Amino acid sequence: IVFESTRDGNREIYTMNSDGTGQVRLTANPAADSYPSWSPNGNWIAFQSDRDGNWEIYKMTDGGLTVTRLTTSSEWDWGASWSPDGMDIAFQSSRDGNAEIYRMSATGAFQERLTEDPEWDLHPIWGTPAWLPPV
Numbered sequence: 154i155v156f157e158s159t160r161d162g163n164r165e166i167y168t169m170n171s172d173g174t175g176q177v178r179l180t181a182n183p184a185a186d187s188y189p190s191w192s193p194n195g196n197w198i199a200f201q202s203d204r205d206g207n208w209e210i211y212k213m214t215d216g217g218l219t220v221t222r223l224t225t226s227s228e229w230d231w232g233a234s235w236s237p238d239g240m241d242i243a244f245q246s247s248r249d250g251n252a253e254i255y256r257m258s259a260t261g262a263f264q265e266r267l268t269e270d271p272e273w274d275l276h277p278i279w280g281t282p283a284w285l286p287p288v
């Protein structure tokens, strides 16, 4: 299980076993690291952080040793969600004036806006609706 906690006085990302044992802190940054999302293969954790002065999307290895910044917008990027095949990440961004849904490759390349509406579009989550047959 991956989660965020303020137990050390700041938003940080932790992992633990499904029975609550083996809790490990993965991030130790004076900025806020939050909203972790585990990749389908379990090798990466996407998360949002304001460690570079603005909310951006990052990914790190499951042990937290390698952290890679994926977005570089002057506006907020947040709410990362992995595609079922682990090749893409959906997220929300205010880079075009209000919150819209975007998609990018898991490397941060090919960022593209998917929605365009004057109201905020938020919280993308990948999944297969129950009424669709499995692929």
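Residue 154 is where the sequence shown starts when you use the numbering used here, and the numbers rise one by one after that.
For each residue, glycine too, the CB sits at the ideal point set by N, CA and C.
All figures in this text were calculated on a predicted structure; none of them were measured in a lab.
Can you grab the Cα-Cα spacing for the pair residue i / residue j, in whole Å?
i	j	result
Thr-214	Pro-271	36 Å
Tyr-211	Ser-171	24 Å
Thr-225	Ala-243	15 Å
Ala-262	Val-177	30 Å
Arg-222	Met-169	24 Å
Asp-205	Trp-191	22 Å
Asp-241	Tyr-167	23 Å
Arg-133	Ile-154	Outside the shown range of the chain, which is 154 to 288, sits residue 133, and nothing can be said about it.
Would you mind giving the Cβ-Cβ distance between residue i and residue j, rounded to the nearest angstrom? I have them listed as a contact below 8 Å.
i	j	result
Pro-193	Ser-234	Between Ser-234 and Pro-193 the Cβ distance is about 11 Å, and since that is not below 8 Å, they are no contact.
Ala-259	Gly-239	6 Å
Ser-202	Glu-228	Between Glu-228 and Ser-202 the Cβ distance is about 15 Å, and since that is not below 8 Å, they are no contact.
Thr-180	Gly-217	6 Å
Pro-183	Phe-156	With a Cβ gap of about 20 Å, Pro-183 and Phe-156 do not count as contacting.
According to DSSP, what are the bridge partners of residue i?
i	result
Tyr-255	Phe-244, Arg-266
Arg-178	Tyr-167
Can you check which of these residues, the options, is closest to residue i by C-alpha distance?
i	options	result
Asp-230	Glu-165, Ile-154, Glu-253, Gly-216	Glu-253
Asp-186	Trp-208, Pro-237, Leu-218, Thr-268	Trp-208
Glu-165	Gly-173, Arg-266, Ile-198	Ile-198
Helix, strand or coil: how does DSSP classify residue i here?
i	result
Pro-189	strand
Trp-231	strand
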